[in-house]
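Chemist: Anchor point for the sequence shown: position 45 equals 45 in this note's numbering, and the numbering is continuous, going up by one each time.
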Amino acid sequence: MPVISYTAGIIEWTRTEMAELDRRTRKLLNIYGGLHPRADVHRLYLPRHQGGRGLKEVEATITGEKVGLDKYIERRRATEPLLQAVWQARPQQQEVETRDQWKAGWSQRYQSKWKGKPLHGQYPQQVEQATSTEMAYKWLSCTGLKIETEALITAAQDQALCTKYHQAKIPKQSDDSKFLMCREADETVSHIIAGCQKLAGTEYLKRHNSVAAALHLGICQYYRIPTSERQPWLHKPEAVTETEQVKVLWNFEVRTDRIVTARRPDLIVIDKQEKTAKIIDVAVPLDKNVRDKEGEKVQKYQDLKLEIQRLWNVKAEVIPVVVGALGAVSTQLDDHLRRIPGGHDMRKLIKQGILGSAHILRRVLDLPGSG
Numbered sequence: 001m002p003v004i005s006y007t008a009g010i011i012e013w014t015r016t017e018m019a020e021l022d023r024r025t026r027k028l029l030n031i032y033g034g035l036h037p038r039a040d041v042h043r044l045y046l047p048r049h050q051g052g053r054g055l056k057e058v059e060a061t062i063t064g065e066k067v068g069l070d071k072y073i074e075r076r077r078a079t080e081p082l083l084q085a086v087w088q089a090r091p092q093q094q095e096v097e098t099r100d101q102w103k104a105g106w107s108q109r110y111q112s113k114w115k116g117k118p119l120h121g122q123y124p125q126q127v128e129q130a131t132s133t134e135m136a137y138k139w140l141s142c143t144g145l146k147i148e149t150e151a152l153i154t155a156a157q158d159q160a161l162c163t164k165y166h167q168a169k170i171p172k173q174s175d176d177s178k179f180l181m182c183r184e185a186d187e188t189v190s191h192i193i194a195g196c197q198k199l200a201g202t203e204y205l206k207r208h209n210s211v212a213a214a215l216h217l218g219i220c221q222y223y224r225i226p227t228s229e230r231q232p233w234l235h236k237p238e239a240v241t242e243t244e245q246v247k248v249l250w251n252f253e254v255r256t257d258r259i260v261t262a263r264r265p266d267l268i269v270i271d272k273q274e275k276t277a278k279i280i281d282v283a284v285p286l287d288k289n290v291r292d293k294e295g296e297k298v299q300k301y302q303d304l305k306l307e308i309q310r311l312w313n314v315k316a317e318v319i320p321v322v323v324g325a326l327g328a329v330s331t332q333l334d335d336h337l338r339r340i341p342g343g344h345d346m347r348k349l350i351k352q353g354i355l356g357s358a359h360i361l362r363r364v365l366d367l368p369g370s371g
């Protein structure tokens, strides 16, 4: 791309030539698993912080360089006679945009095309009602996933994966759209990653525990509690971990004098010196539900919070940690993590959730008769 951009404004590239180069690039990405064949093309060229993959488009690169040259000539023509002659020979006489202005307009047009599509545009419309654009697509620029995993997750967001529902409703290759494992709902991406009761006690639980284990490991490291493993995916928390300063409870059912429905949060951190108790509960829901799930978790453990304060004579608080199954997180997650001892890295939690979802998708869609 640097070689091509160097020729902009000197060699007259045709639209056909530029489109052909972009097609070859996408074909190579398809061959090596970096792009799903049915994933959205406009999204591929958007910046990562806007939900795209950040690939440079040949036509956009060349046009952007031309705009930059035009602006340079306009700015310097008053002092250089040769540039003045070039300026007067220009076929266009309209006001020249800066390169940043042109890029912003180009990006806006591509975003509108992506979000305006009936199928591919559903995810951005849904998730941006639950969180900010920055937090919805933060995973694209901070997790360091392999290109194959990134392609799988973006294709899942675009609903481009070859599920039975897709086959029955889009190309109409089948009449059966039910999920093979439960036969209760259509086999959609949403149902596979967060809606099937058959997967709840196995695959969803593994994904959930991998996120919670990353928190537990960070808490242990903060309080200098020895652990056998230093990587979150290998860490196996014990039910009770205790020192003179702190007690950490993992998936521990709290006994109460009064009837409390929710008594088993994922983590309870009791600081004996500060007289505090932090009730931490993790969830990995659909991305469009991350904000609602946070509020649900806080409400769920209010009764337990009051009982712990009364029985243990500590100041307690409920801290929800919610990571979307396809990478989105709420705008409040940073604040929640700051309240948990250990300086937790949001990127690790997002990555654990995404890797769990990618494993579920690969495993399910590879089953005979599925997808």
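Each residue gets a CB set at the ideal place from its N, CA and C atoms; glycine is no exception. Computed from a predicted structure; not experimentally measured.
So H208 and H235 are in contact, right, with Cβ under 8 Å, and what is the actual spacing, rounded?
Modeler: The Cβ separation is near 14 Å, so there is no contact.
Chemist: Counting only runs of 4+ residues fully inside the region 27-103, write out the alpha helix (DSSP H) ranges in chain order.
Modeler: You should have 41-44, 58-76, 81-88.
Chemist: Can you find the residues in the same chain that come closer than 6 Å, C-beta to C-beta, to I62, ignoring five residues on each side of it along the sequence?
Modeler: A8, W13.
Chemist: Counting pairs of Cβ atoms below 8 Å between the region 277-297 and the region 119-134, do you hit three or more?
Modeler: Judged by Cβ distances under 8 Å, the region 277-297 makes contact with the region 119-134, as three or more pairs qualify.
Chemist: From this set, V323, L355, E274, L361, which residue's C-alpha is nearest M346's C-alpha?
Modeler: It is V323 whose Cα lies nearest to the Cα of M346.
Chemist: Does the separation of the CB atoms of D100 and V58 fall below 7 Å?
Modeler: No; because the gap between Cβ atoms is not below 7 Å, this pair is not in contact.
Chemist: With 16 as the cutoff for other CB atoms within 10 Å, does G201 come out buried or exposed?
Modeler: Counting Cβ neighbours within 10 Å, G201 comes out exposed, since fewer than 16 surround it.
Chemist: Which partner residues does K278 have in the DSSP bridge list?
Modeler: V269, E317.
Chemist: How far does the beta strand (DSSP E) with K247 in it reach, from first residue to last?
Modeler: Residues 246-250.
Chemist: Going along the chain, which unbroken runs of the alpha helix (DSSP H) with 4 or more residues stay wholly within the region 306-353?
Modeler: The region 306-353 contains these whole alpha helix (DSSP H) runs: 333-338.
Chemist: Distance, Cα to Cα, W114 vs Y123?
Modeler: Approximately 10 Å between the Cα atoms of the pair.
Chemist: Could you please give the first and the last residue of the uninterrupted beta strand (DSSP E) stretch that includes E242?
Modeler: Run containing E242: 240-242, per the beta strand (DSSP E) assignment.
Chemist: Among V314, V284, T163, which has the Cα closest to the Cα of K278?
Modeler: Nearest of V314, V284, T163 to K278, Cα basis: V314.
Chemist: Suppose contacts are defined by Cβ-Cβ distances below 7 Å. Is I270 in contact with K247 by that definition?
Modeler: Their beta carbons are under 7 Å apart, which means I270 touches K247 by this criterion.
Chemist: Over the uninterrupted alpha helix (DSSP H) stretch that includes Q221, give me the two end residues.
Modeler: It spans 205-222 - the alpha helix (DSSP H) in which Q221 sits, taken as one unbroken run.
Chemist: Strictly by DSSP, which residues pair up with A283?
Modeler: DSSP output for A283 lists V322 as bridge partner(s).
Chemist: Could you check if P237 is buried or exposed, using at least 16 other CB atoms within 10 Å of its CB as the buried criterion?
Modeler: Buried, by the Cβ-count rule.
Chemist: Quick check on DSSP: helix, strand or coil for I225?
Modeler: Correct three-state label for I225: coil.
Chemist: Taking 6 Å as the cut-off, is the CB of S107 close to at least one heavy atom of the ligand ZN?
Modeler: You won't find the ligand ZN in this model; it holds no ligand whatsoever.
Chemist: Is the beta carbon of G353 less than 7 Å from the beta carbon of V211?
Modeler: In this structure, V211 lies closer than 7 Å to G353 by Cβ.
Chemist: For K178, write down the residues that DSSP places opposite it in a beta bridge.
Modeler: Paired residues: D186.
Chemist: Taking the alpha carbon of R38 as the point to measure from, which residue in L161, H49, I11 has its own alpha carbon closest?
Modeler: Minimum Cα distance to R38 is reached at L161.
Chemist: Figure out for me which residue from K66, T163, L140 has the closest Cα to the Cα of R363.
Modeler: Among K66, T163, L140, the Cα nearest to that of R363 is on T163.
Chemist: Which one or two residues does DSSP pair with I11 in a beta bridge?
Modeler: DSSP, once it has assigned bridges, lists A8 as partnering I11.
Chemist: Applying the 10 Å Cβ sphere with the 16-neighbour rule, what's the burial state of V329?
Modeler: By the neighbour-count rule (16 or more Cβ atoms within 10 Å), V329 is buried.
Chemist: Determine, using beta carbons only, whether V284 and V321 come nearer to each other than 7 Å.
Modeler: For V284 and V321, no; Cβs fall outside 7 Å.
Chemist: Taking its Cβ as the centre, do 16 or more other Cβ atoms sit within 10 Å of R43, making it buried, or is it exposed?
Modeler: Per the 10 Å Cβ criterion, buried.
Chemist: Taking the beta carbon of Q111 as the centre, do at least 16 other beta carbons fall within 10 Å, making it buried, or is it exposed?
Modeler: Buried, by the Cβ-count rule.
Chemist: What would DSSP say about Y110, mapped onto helix, strand or coil?
Modeler: Helix.
Chemist: Identify which residue in I360, T154, I280, E97 has its Cα closest to the Cα of R338.
Modeler: Checking every option, the nearest Cα to that of R338 belongs to I280.
Chemist: Report buried or exposed for T98, applying the criterion of at least 16 other Cβ atoms within 10 angstroms of its Cβ.
Modeler: It counts as exposed.
Chemist: Report yes or no: do three or more beta-carbon pairs, one from the region 248-257 and one from the region 216-226, lie closer than 8 Å?
Modeler: Segments in contact, yes.
Chemist: Hey, how far is the Cα of T16 from the Cα of R26?
Modeler: Straight-line Cα distance between these residues: approximately 15 Å.
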